[in-house]
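Asks: In UniProt numbering, the protein residues as written are 1 to 1088.
For glycine and all other residues, C-beta sits at the position ideal for the given N, C-alpha and C.
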Amino acid sequence: SEGLFKLHEVLAVLMFIVYQNKATGNRWALWLRDIFQNHFYKLGCFAQRNAGKVLFVGILFLASMAVGLKSFAIETNVDKLWVEVDGRLEKELDYLRKTLGEGFGNTNQLLIETPRQPKTNILNPNALLHHLQTVRAGINVTVELFEVIWSLKDVCYSLSVPEFEESYIADAIEKLVPCSIITPLDCFWEGSKLLGPDVDVTIPSFPVNPKWTSLNPQFLIETLESHKDILKISKFPIEAFKAMMNRAGITTAYQKKPCLNPKDESCPKTAPNKANGSLPDIGAELTGGCYGFATKLMHWPEELIVGGVKKNKSGQIIKANAFQSIIQLMAEHDMFEFWKNHWKVHNIDWSVEKARLVLEAWQRKFTEEIRRFSESNNFGNDYEVHQFTSVSLPDIMKNFSNLNPTKVFMVYFIVLLYASFVLTNWRDRINSQCFLGIAGVLLNILSIAAGFGFCAIIRLTFNAATTQIVPFLAIGLGIDTLFLLSYTYRENLSANIAYETIVGECLKQIGCSILITSVCTVIAFSASAIIPIPALRAFAFQSAILIVFTTATNFFLFPCLMSLDLRRQRARRMDLFCCVEVDEESDCEEESTPKKCGLQATKVISANSAISDASPSDTLLTIERHSNICCKEGNTCEYLNKSDTWSKLTINYFVKDIYVPILRKKPVKFVVILMCLLILAVCLSGLPRVDDGLELTDIVPRNTVEYNFLTAQRQYFSVFNMYAVTQGNFDYPNNQRLLYEYHNAFTRVENIIKNDDGGLQDFWLIIFKDWLTSLQAAFDSEWANGCITQEHWFPNASADGILAYKLLVQTGRVDTPLDKRQVTKLKLVENGIINPKAFYNYLTAWVSNDALAYSASQANFRPEPKSWIHDANDVDLKIAKSQPLVYTQIPFYLYNLRTTKEITATIQEIRAISRKFEDKGLPNFPTGITFVYWEQYVLLRIYLLSSLVVVLAVIFLVLCVFLFNPWAASLVIGILLLTIAELFGVFGLLNIRLSAVPAVILIIAVGIGTNFLAHLTFSFVTSLGKKQRRMEMAIEHMLPPLTHGVVSTFCGIAMLAFSEFDFIIRHFFYVLCGLLILVVLNGLILLG
């Protein structure tokens, strides 16, 4: 029969035939699709009748959502972006923030010097002198902020010193103790040039202002001791000062270290090479590391200061390629605490936030000065200096996260031009749909803005992944739906469909297919949130929300545009210039006078039509268009397809007359399968090359200062700082042996730096114990000499002996805090165990009176022990008892960790130690940059596999529900698995490591792949006829709009290729382009 069956009529006939058992088919599929299509039909008819109202309300809603963009917040804190949500690591970091406060830890400025010629030996004095000049240029900078000038001394971390009752003494020592700078220069006298002090320091009986370049602490002590009368008047605690120096290893400082330039006039005569003027053996001096002014507390391992090392058989360094210096600054919280009671900040409303701003300003000024110095110094042709600060990465992340309006505008404009070009009919000014394309793209852009606004309203933070990727990906995926609707709308205009139902029939025909793909895409993006990385969860949820908004816009508002366009065509108004009416005579071409009106249906449904179970009945009648011009009633001429040269340049002609006929041939099918197998083999060859990891150099723009530093650091200094943290709810005094065992357990970790004896550096409990042991020895000597008795001490007793006596009488009890009988009955330390009853009394005394050792131990006790200053003349014996500890830390250095595999293996080894002692009753955990950024890789592949299983299972169920055809759903899942495997292999071919970012792209690839596969599959299973014919009709109907969808998606992501971040280009542009190619090959060619 002639004419076109309306879709609901077709379904009614098919259901009747199936129910009469005169044909085979899936009646439940027909029934379910009939329900959905009736709803879509009603929606389309409603939109057509009330186009203006629906469009107004919809645009008003989208605009109101877009207002939420004013709450747009970008997260650049790397910890909050990459730490696993609700995981062990997040709980540990929350504990640190709760215990230590925001802004805990130290802040480091790093400088790496390398020879400009690769692999050149840098072990020569000139290289170190250049390094000295560079470091001095950086540390001499000052910044003015809040009307206060801040220098390095104001912001740096330095060893704490004991408190003294005489303020002038405390002030002098504070000025004299330098900033902590870890540097290879400390092996030489020139290291003293970095320490200052830059202000005058007044010490009684010392004739000159001391400078570390000429200061001999031993000589200082001897000079002070020779002026006992002055010391007595000034009350200078010479014995306490001398004891402090002995415990810290402060002896001759830099005065007996070799000079890099023995001809320097300031080089001391005591330097071993001053007299003969010979140059020092740089390698020999650096072997084993360097020592600061306090040799017992300040040892810099050689792995930390010398890189690219080559040693001889005896272990001496004979070649190196890099030097590194680390200037340690206070953390913002520590800086706030340090200055909060000082007159310097009384008038500026001092806060942690202001401390952070000062630190950031100083670091940026430091970087600028180093860069300026490197460009202007005389050594520039021989050496390169790479610097990095703690604000470098946040600054990069801020630049990385900023949305580039120019790029967004260019992409959207390109997509708009493409849509308008594709939908323009250059031969027919009335039936052209240029306006529909432009208005549809603008609606999608508004829906994207509304989606982002909604994300801001519900407090989904934005980050680099969302601002750099989502706007481009969303427009590409949104336009796919626009092309499908436009193509179906164009077909319906050519059919004998009542004017009032054209839009309803359009949604009825294509609505189910769009709904399936949109649901599957949203499911895929949502399932990627199983990977518990906050940055990527935000990316996944925001992408899913934007897809929901664009789909809803295309379902509810785009039909209104079709209705307006329909009215324009009925009024014979020109496309885009709707005020211009086209004359009927001018619109018809003489040579194309129609022979008859109407269209010929390609299929006639009869009661004898057989439909297989695997191929449910048709909901879409694919129309074979007449090759001539069709004149409808009223002599209105409509251009359909004309067999001329121009029509052969269309996608429709290519699909129908070239592509489909070629696919009919069995040799072509064999070639296609062979080609796909070859591509699969090539892609699978890349699977073994996929390693885990995401280097910091991947997210930093190439040829920048930061990129060069990170490259040099990875090559020469793969050293990371970590802490073993012990928590509260633990009896520290009575479990000291367990703490020793815990510390010793780390000896077996190969990648932890050991001391010269092959053991670990002493931690706080050992240093605490040694201090008490030295006091006990002093007491025993004083007791034997009769200087101290059970009841009191004599004036000739030493300060350490008196302090030991005061400690020995502590009971640790609140009711009876003192008991003098204990001085002969117990020891401060017995069998290596500190007296547990008075443990916290001793802790108070140690932290206050051996502050250098305590600060060097980096124990960072919480709660902070009480302050108690020992005065040998004070007869008050009571020492305040500190609160039980809830936080301590043991510092370590991890080294030789260059690959993610090595790092994760070390993490697992350390975590195993932590779990072992957790089981023994010691609450503990490790922390550090390695755990924050790399621990995610331990379970990444498990999370990825779980996400893929979930998303594939859910998509399978969705397809089964909509299609009622498990075989078709299984076919789609099979093609998706093939695409995922090939894309995973592409990672290896492109040398892209598997991190959370590629993992998420693998998951969303399922949704993007389904976006194309489901349309073809749905069109196939809902077509009539034999398999071959149904395949042809599905391809003819779906391939043109899907091709435009692929092109528009590529236009959306094309701008990523121009990103200044190599990370965006490699991890998103290359991967998404590879995904599109694989989807086209597997979905549009192999599936066909």
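#1: Quick check on C290: does DSSP put it in helix, strand or coil?
#2: Have a look at Q822, D575, W189 and flag the residue whose alpha-carbon is nearest the alpha-carbon of K837.
#3: Measuring only the C-alpha atoms, how far is L944 from V1000?
#4: Would you identify the three-state DSSP class for Y254, choosing helix, strand or coil?
#5: Residues in the same chain with beta-carbon distance under 6 Å from A851, minus the five sequence neighbours each way, listed in chain order, please.
#6: Just the C-alpha distance for N965 and T424, rounded to the nearest angstrom, thanks.
#7: Which partner residues does L111 have in the DSSP bridge list?
#8: So, at 7 Å on beta carbons, what are the nonlocal neighbours of Y895 in its own chain, with the 5 sequence-adjacent residues on each side left out?
#9: Confirm, please, whether the CB-CB distance from Y489 to Q512 is below 8 Å.
#10: Please go through the same chain and pick out, in chain order, the residues whose beta-carbon is closer than 6 Å to the beta-carbon of C1073, but skip the five residues on each side of it.
#11: In the DSSP assignment, find the alpha helix (DSSP H) that holds residue 1089 and state where it starts and stops.
#12: Evaluate Q761 with the Cβ neighbour count: other Cβ atoms within 10 Å of its Cβ, from every protein chain shown; 16 or more gives buried, anything less gives exposed.
#13: Excluding five sequence neighbours on each side, which residues of the same chain lie with their C-beta closer than 8 Å to the C-beta of Q569?
#14: Leaving aside the five residues before and after D657 along the sequence, list all residues of the same chain whose C-beta is less than 7 Å from its C-beta, in chain order.
#15: Taking the C-alpha atoms as reference points, what is the distance between I802 and Y157?
#16: State the DSSP-derived secondary structure class of C187, mapped to helix, strand or coil.
#17: Identify, in the order they occur along the chain, each residue of the same chain with its Cβ nearer than 6 Å to the Cβ of G1083, setting aside the five sequence neighbours on each side.
#18: For I662 and V1046, what's the separation of their Cα atoms in angstroms?
#19: Kindly indicate which residue of M245, L442, A271, F984 has the alpha-carbon position closest to the one of K257.
#20: Is W343 buried or exposed, if buried means 16 or more other CB atoms sit within 10 Å of its CB?
#21: Might you give, ordered along the chain, the residues of its own chain that have their beta carbon closer than 7 Å to the beta carbon of L1078, omitting 5 neighbours on each side?
#22: How is D565 classed by DSSP in three states: helix, strand or coil?
#23: Would you call C1051 buried or exposed, if buried means 16 or more other Cβ atoms sit within 10 Å of its Cβ?
#24: Roughly how many angstroms separate the alpha carbons of W189 and A127, rounded to a whole number?
#25: Where does the unbroken beta strand (DSSP E) through Y887 begin, and where does it stop?
#26: According to DSSP, is R364 helix, strand or coil?
#27: At what residue ranges does the stretch 89–175 contain a whole run of the alpha helix (DSSP H), taking only runs of 4 or more?
#28: Hey, how far is the Cα of E54 from the Cα of I679?
#29: My understanding is that L1056 touches I1064, with C-beta atoms under 8 Å, so please give their C-beta distance in whole angstroms.
#30: Name the two residues that bound the continuous alpha helix (DSSP H) containing C1033.
#31: DSSP three-state label for Y723, please.
#32: Report the rounded CA-to-CA distance for I834 versus L279, giving the unit in angstroms.
#33: Can you tell which of L828, A284, W300 has the C-alpha that lies nearest to the C-alpha of L775?
#34: If you run the structure through DSSP and keep just helix, strand and coil, what is H626?
#35: Thinking just about the alpha-carbon of each residue, which of C267, A322, V143, N216 is nearest to the one in F709?
#36: Look at A498 and S526 and say whether their C-beta atoms are less than 8 Å apart.
Replies: The short version:
#1: strand
#2: Q822
#3: 8 Å
#4: coil
#5: S160, V161, P162
#6: 38 Å
#7: S325, Q387
#8: E303, S718, V719, N751, I753
#9: Per the sequence presented here, residue 512 reads as Cys, with Gln not at that position. No, they are not a contact pair.
#10: none
#11: Outside the shown range of the chain, which is 1 to 1088, sits residue 1089, and nothing can be said about it.
#12: buried
#13: I430, N431, L493
#14: none
#15: 32 Å
#16: helix
#17: F1012, L1013
#18: 22 Å
#19: A271
#20: exposed
#21: T979, E982, L983
#22: helix
#23: buried
#24: 15 Å
#25: 887–894
#26: helix
#27: 125–139, 152–155
#28: According to the sequence displayed, residue 54 carries Val and not Glu. Taking the straight line from one Cα to the other gives about 48 Å.
#29: 5 Å
#30: Per the sequence presented here, residue 1033 reads as Met, with Cys not at that position. 1027–1054 is the extent of the alpha helix (DSSP H) around M1033.
#31: strand
#32: 48 Å
#33: L828
#34: Residue confidence is low: H626 scores 35 on pLDDT, short of 50, so the model does not pin down where it sits. No coordinate-derived value is stated.
#35: A322
#36: no
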